[in-house]
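Structure record follows, encoded as structure tokens.
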Amino acid sequence: MPSPRPCTRAGCAPGTPSASPYAPGRAPWPFLLALWRLGLRGAVLDPGAGPDVLRARLALARPALVLADAAAQAVAGWARPLARRARLALPDLAALGPVATVGPRLPGCAPALDLGAPRQGVPAPGDGLDGDADAVIVFTSGTTSLPRAVVHTRASLAAGMTTVSALFDARGDRPVLGGTFFVLVPSLARGAAVALPAGNSRVLARQLHRLRPQDTYLTPPRLRDALGAGARFHGRVWTGSAPAGAGLLERVRAAGAAEAWGVYALTELFPAAAVESREKSAFEEAGEPGDLVGAPLPGVLAKPDEHGQLLLSGPAARHRYLGEEPDPWVRTGDRARLDGAGRIVLEGRSKDMVLRRAENIYPGLYEPALHVPGVELAVLVGIPARDGDERLVAVVQPRRGADERALRAALSEPVRRMGAARPDALLLARIPLSGRSRKPDRAATAALAARRLGPAR
Numbered sequence: 001m002p003s004p005r006p007c008t009r010a011g012c013a014p015g016t017p018s019a020s021p022y023a024p025g026r027a028p029w030p031f032l033l034a035l036w037r038l039g040l041r042g043a044v045l046d047p048g049a050g051p052d053v054l055r056a057r058l059a060l061a062r063p064a065l066v067l068a069d070a071a072a073q074a075v076a077g078w079a080r081p082l083a084r085r086a087r088l089a090l091p092d093l094a095a096l097g098p099v100a101t102v103g104p105r106l107p108g109c110a111p112a113l114d115l116g117a118p119r120q121g122v123p124a125p126g127d128g129l130d131g132d133a134d135a136v137i138v139f140t141s142g143t144t145s146l147p148r149a150v151v152h153t154r155a156s157l158a159a160g161m162t163t164v165s166a167l168f169d170a171r172g173d174r175p176v177l178g179g180t181f182f183v184l185v186p187s188l189a190r191g192a193a194v195a196l197p198a199g200n201s202r203v204l205a206r207q208l209h210r211l212r213p214q215d216t217y218l219t220p221p222r223l224r225d226a227l228g229a230g231a232r233f234h235g236r237v238w239t240g241s242a243p244a245g246a247g248l249l250e251r252v253r254a255a256g257a258a259e260a261w262g263v264y265a266l267t268e269l270f271p272a273a274a275v276e277s278r279e280k281s282a283f284e285e286a287g288e289p290g291d292l293v294g295a296p297l298p299g300v301l302a303k304p305d306e307h308g309q310l311l312l313s314g315p316a317a318r319h320r321y322l323g324e325e326p327d328p329w330v331r332t333g334d335r336a337r338l339d340g341a342g343r344i345v346l347e348g349r350s351k352d353m354v355l356r357r358a359e360n361i362y363p364g365l366y367e368p369a370l371h372v373p374g375v376e377l378a379v380l381v382g383i384p385a386r387d388g389d390e391r392l393v394a395v396v397q398p399r400r401g402a403d404e405r406a407l408r409a410a411l412s413e414p415v416r417r418m419g420a421a422r423p424d425a426l427l428l429a430r431i432p433l434s435g436r437s438r439k440p441d442r443a444a445t446a447a448l449a450a451r452r453l454g455p456a457r
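In structure tokens:
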């Protein structure tokens, strides 16, 4: 790992860790591309994670420079009360490290990044950089006391983008619609124009009609919303980041797509497998159990461990978790088997994670905040919503004699500070325990929450 070198007003040397907070609607891709070009190690901060989680994550990453546009600085400063209504919150950026403004600078912002100053050690165009050098840090699971972060090197990112480029095979004569790094970069490299999907579903439907993209990448919730708005698709449609059943993929094909693909990918390895709607439908029609996500893509190795958990490896796999030793195998947390054709069939999750609208929510990051005075136990669980989506429920067990009305009031502030992980419901109940250690039984707790709350509306 490159040793951190100090940042100065003139710029950063290759290997310097930096962080880029971004406000809603402000995609971090320009930051990431610039960091890639300069050979810096970057961490992108999502304001939806909540200020407590962000502080813990930045204490682990220790950025030498914080790059922020005016909108992100507003979320962390004068616009904080407004941002909270949108479940956005950033801690005081200046407390994380030196701050520089990128983009238009408004009154009250940090000094602008001096783009004209010489930069020590910055490679000239065409100069090679060590493929083993760290490129990006992406935070995933863990807790506020022990956050966990995925570290990708330049080599692993390049391998992932090469795989996507071969899968998409984008041409320069028709646009691509998608907002993820692994869609944008290979498409741009092939000369294709790339459009970011509109946030409003009706506007997105008009965007699809006007652009007629050769390839479209949307998460399953965005696909469902677009279909509900009457969208018509063109070319190939790709979806991932959450379960996508054969029914959803067939609806996309019925709405005009030539092909509809589900992509199985993780932060630690993108992409791992892909399956087209007709293959997935045939699997389900044959009555096979499990969720077919397709054959491993070229270079990807897959195998279940002794407990049935799917392990993945390959050139695009993350190098390590920050602060841990490198490990060639990614433990996915998914139970899976390989069928007779070598395809990956998922059979459920073995790790604590809730998928809500294509966002991975790790309960361990937020459960400690629920233990306010009067709380005996508290867990976050997911219960089925629709088509693979989940509702996030905070199940809190009050101490004997605690006033439930006062307890709900005491929990309101910690719940608000969870940002985008704010629960859909708060349930006061006795939490089932299991095993000799009498740990909370999450499966039983989720079943209890589903019975008490009833089906999602």
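Numbering (the numbering used here), first residue to last: 1 to 457. The beta carbon of each residue, even a glycine, is placed where N, CA and C say it ideally should be.
Quick one, which of G323, R55, D215 has its alpha-carbon nearest P197's? In this structure, D215 is the residue among G323, R55, D215 with its C-alpha nearest to the C-alpha of P197.
Using C-beta distances below 7 Å, list every residue in its chain close to A255, excluding the 5 sequence neighbours before and after it, in chain order. Cβ neighbours of A255 beyond the five flanking positions: L227, A231, R232, F233.
Is T216 close to the ligand ZN? I mean its beta-carbon at under 8 Å from any heavy atom of the ligand. As far as ligands go, the structure on display features none, and thus does not contain the ligand ZN.
Report yes or no: do three or more beta-carbon pairs, one from the stretch 265 to 273 and one from the stretch 320 to 333, lie closer than 8 Å? The stretch 265 to 273 vs the stretch 320 to 333: in contact.
8 Å Cβ shell around R408 - same chain, five flanking residues per side excluded: Same-chain partners within the cutoff: L426, L428.
DSSP puts S313 in a beta bridge; with which residues? Answer is L301.
Quick one: what does DSSP say Q207 is sitting in, helix, strand or coil? Looking at Q207 - three-state DSSP - the assignment turns out to be helix.
In angstroms, rounded to a whole number, what distance separates the CA positions of E306 and L338? If I take the Cα positions, the gap works out to 14 Å.
Sequence-distant residues of the same chain with beta carbon closer than 6 Å to R399, five excluded per side: Shown here for R399: same chain residues with a beta carbon closer than 6 Å to its own, the five before and five after excluded, namely G374, E376 in chain order.
Nearest to E324 by alpha carbon, out of G50, A61, A34? Cα-wise, what sits closest to E324 is A61.
I need the straight-line Cα distance from A265 to S241, nearest angstrom please. Cα to Cα, the separation comes out at about 7 Å.
Taking C-alpha atoms, which residue in T163, S165, A193, K439 lies nearest to G172? Looking at T163, S165, A193, K439, the one whose alpha-carbon comes closest to that of G172 is A193.
Among the candidates V372, A79, L380, whose CA atom is the shortest distance from the CA of P363? Among V372, A79, L380, the Cα nearest to that of P363 is on L380.
Using the rule of at least 16 other Cβ atoms within 10 Å of the residue's Cβ for burial, across every protein chain shown, is S277 buried or exposed? S277 counts as buried, since no fewer than 16 other beta carbons sit within 10 angstroms of its beta carbon.
Grouping DSSP H, G and I as helix and E and B as strand, with all else coil, what is G308? Annotated three-state conformation of G308 is coil, per DSSP.
Going by beta carbon distance, what residues of the same chain come within less than 6 Å of A446, once the five residues before and after it are set aside? Beyond the five residues adjoining it in sequence on each side, A446 comes within less than 6 Å, by CB distance, of V381, I383 in the same chain, given in chain order.
Determine the DSSP secondary structure at L96, reduced to helix, strand or coil. In this structure, L96 counts as coil in the three-state DSSP scheme.
Could you spell out the range, first to last residue, of the beta strand (DSSP E) harbouring L113? It is not in any beta strand (DSSP E) - L113 carries neither H nor E in the DSSP assignment.
C-alpha distance - R436 paired with M418, whole-angstrom precision: Because the pLDDT at R436 is just 49, under 50, the model does not fix this residue reliably, and the point stays unresolved.
Quick one: complete beta strand (DSSP E) runs, 3+ long, within the stretch 243 to 286? Correct list: 259 to 266, 269 to 276.
Cβ of A421 within 9 Å of Cβ of T219? For A421 and T219, no; Cβs fall outside 9 Å.
Are there three or more Cβ pairs, one per stretch, closer than 8 Å when the stretch 200 to 207 is compared with the stretch 153 to 164? The stretch 200 to 207 and the stretch 153 to 164 do not touch, with fewer than 3 CB-CB distances between them shorter than 8 Å.
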